[in-house]
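S.K.: Numbering (our numbering), first residue to last: 142 to 429.
Just so it is clear, CB atoms sit at the ideal spot from N, CA and C, and this is done for glycine as well.
Everything numeric in this text was worked out from a predicted model, so none of it was measured.
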């Protein structure tokens, strides 16, 4: 549990009826807390791309992501605010957004829905009181959280997280080419860290988010497979890793802008080294 209150005080559940009111708190926090951990919950995988991808696994991965994100609806988004030292705000710091989703009319993978039901997600409430994605996108675009080089986003294997966010923000299907998607992604989210990508440099850490948290001796708050709990744990893993394995400083030229799950041909640093002084500046980064 973070300092400053109980889980009930630290976590805020947001539905259609309280979205505007709670988003005012999100805007306020964005002015002082510039590290944001994010997680999404979505209805699994229902489609696979057709074709011969034996020599281009990266293309297959992206087309798998695109075909599913294009067809499916987001269920939850969780975000947690941290400052540069890994501290959360007093009071509410994690916001869990519940989106409109109907099991009678929306597509889903049965095993994924069962997992989310076991985690406590109430699909009848999503159908009745879920957030309209368009309204959410309007608030997010003007929130100060995106299109900003002050904000740093933290994910755990964040390809699908960012894909659903880009779909929400554009109200469009994802681009056909992964390089174009990365271009759009970096426009909205210029600076990102992916815990799964950082793990490539830490041989002691393996597995999924819960495995990493156990190795780092971090206790989960809230139910696994709910976006708020996963976002909070993702952020705490990032800052614990930074402290234990990176001497409290992440080299942005090596780790900022890489997202686990994207093809290596389009992944690349979101900041560029400016010479021996090790000054860095935000830029487009990578090859596309």
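Give the single residue among 306, 276, 181, 199 whose Cα lies nearest to the Cα of residue 253.
M.R.: Among 306, 276, 181, 199, the Cα nearest to that of residue 253 is on 181.
S.K.: DSSP state of residue 221, grouped into three classes?
M.R.: strand
S.K.: Residue 215 to residue 383, Cα distance in whole Å?
M.R.: 30 Å
S.K.: Spatial neighbours of residue 243 within its chain, please: CB distance less than 6 Å, with the 5 preceding and 5 following residues excluded, ordered by chain position.
M.R.: 268
S.K.: Quick one: what does DSSP say residue 175 is sitting in, helix, strand or coil?
M.R.: coil
S.K.: Between which residues of its own chain and residue 247 is the CB-CB distance below 6 Å, once the five residues before and five after are set aside?
M.R.: Cβ neighbours of residue 247 within its own chain (closer than 6 Å, five residues either side excluded): 214.
S.K.: Does the beta-carbon distance from residue 487 to residue 294 come in below 9 Å?
M.R.: There is simply no residue 487 to check, as the chain begins at 142 and stops at 429 in what is shown.
S.K.: Within the chosen definition, does the segment 321–328 reach the segment 361–372 through at least 3 CB pairs nearer than 8 Å?
M.R.: no
S.K.: Use the C-beta contact count for residue 168: other C-beta atoms within 10 angstroms, 16 or more gives buried, fewer gives exposed.
M.R.: Counting Cβ neighbours within 10 Å, residue 168 comes out exposed, since fewer than 16 surround it.
S.K.: In the DSSP assignment, what are the bridge partners of residue 294?
M.R.: 177, 333
S.K.: How about the segment 388–402 and the segment 332–346: do they share at least three Cβ pairs that are nearer than 8 Å?
M.R.: yes
S.K.: On the DSSP letters alone, give me the boundaries of the beta strand (DSSP E) that residue 235 sits inside.
M.R.: 235–239
S.K.: Tell me the start and end of each unbroken alpha helix (DSSP H) in the segment 319–394 that is at least 4 residues and wholly inside, in chain order.
M.R.: 319–329, 336–339, 350–356, 368–386
S.K.: If you run the structure through DSSP and keep just helix, strand and coil, what is residue 277?
M.R.: Per DSSP, reduced to three states, the secondary structure at residue 277 is helical.
S.K.: Mind checking whether residue 305 and residue 218 have CB atoms under 9 Å apart?
M.R.: yes
S.K.: Can you list, in chain order, the residues of its chain whose CB lies under 7 Å from that of residue 372, leaving out five sequence neighbours each side?
M.R.: The residues are 178, 179, 180, 219, 220, 221, 235.
S.K.: If you draw a straight line from the alpha carbon of residue 297 to that of residue 379, how long is it in whole angstroms?
M.R.: Whole-angstrom Cα-Cα distance: 9 Å.
S.K.: What is the DSSP secondary structure of residue 167, counted as helix, strand or coil?
M.R.: helix
S.K.: Excluding sequence positions up to five away, which residues of its chain have a Cβ less than 6 Å from the Cβ of residue 303?
M.R.: 326
S.K.: Which value, in whole angstroms, describes the spacing of the CA atoms of residue 205 and residue 308?
M.R.: 15 Å
S.K.: Using the Cβ count rule (16 or more neighbours within 10 Å means buried), how would you classify residue 151?
M.R.: buried
S.K.: Classify residue 156 as helix, strand or coil using the three-state DSSP reduction.
M.R.: coil
S.K.: Among 228, 184, 224, which residue has its Cα nearest to the Cα of residue 255?
M.R.: 184
S.K.: Less than 9 Å between the beta carbons of residue 287 and residue 223, yes or no?
M.R.: no
S.K.: If you measure between the beta carbons of residue 164 and residue 284, is that distance less than 9 Å?
M.R.: yes
S.K.: So, for residue 160: in the same chain, excluding its five sequence neighbours on each side, which residues have a beta-carbon less than 8 Å away from its beta-carbon?
M.R.: Same-chain partners within the cutoff: 238, 272, 276, 277, 280.
S.K.: Whole angstroms is fine: what's the gap from residue 381's alpha carbon to residue 343's?
M.R.: 12 Å
S.K.: From the DSSP output, read off the bridge partner residues of residue 272.
M.R.: 240
S.K.: DSSP three-state label for residue 406, please.
M.R.: Since pLDDT at residue 406 reaches only 42, below the 50 mark, its modelled position is unreliable, and no value is offered.
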